[in-house]
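Everything below concerns the one structure shown next.
Here it is as structure tokens:
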């Protein structure tokens, strides 16, 4: 899995380039996070439902995050995480801070640290745009 060798690479924590139809990544990895985890899963599910519904309507059989969209999102995740400064270094060594040595790859593997409403609005904007603008699309063959 060389594509993720230096850290996770997703679009909104849900899709990843080079993994067509791997739409169902549902975790906190580069995704929104709130104290109420199930609320965040609901936001993710709505976004995925928009993509699936539109794909079915338009005869699309494969979608994946475009390389550009994925790179933009990873950059945004890192930018948002950078605002926390040395916060992760102040914790005892463990999984969350790469054993006390947070670096780009461990930061890249975190959740989107912007407040939950910000992530929800990002997904809402994508849903309003009908969900497929930042995805690579392959249509079914017309036989």
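Numbering (the working numbering), first residue to last: 190 to 332. Just so you know, even glycine gets a beta-carbon here, dropped at the ideal spot from N, CA and C.
Its Cα nearest to that of residue 219, the residue 295 stands out among 315, 295, 323. Shown here for residue 202: same chain residues with a beta carbon closer than 6 Å to its own, the five before and five after excluded, namely 218, 219, 220 in chain order. Looking only at 236, 256, 230, the smallest Cα-Cα distance to residue 312 is reached by 236. Residues of the same chain with a CB within less than 7 Å of the CB of residue 309, apart from the 5 flanking positions on each side, are 221, 232 in chain order.
The criterion of a C-beta distance shorter than 8 Å is not satisfied by residue 258 and residue 207. Under the three-state reduction of DSSP output, residue 247 falls in the coil class, being neither helix nor strand.
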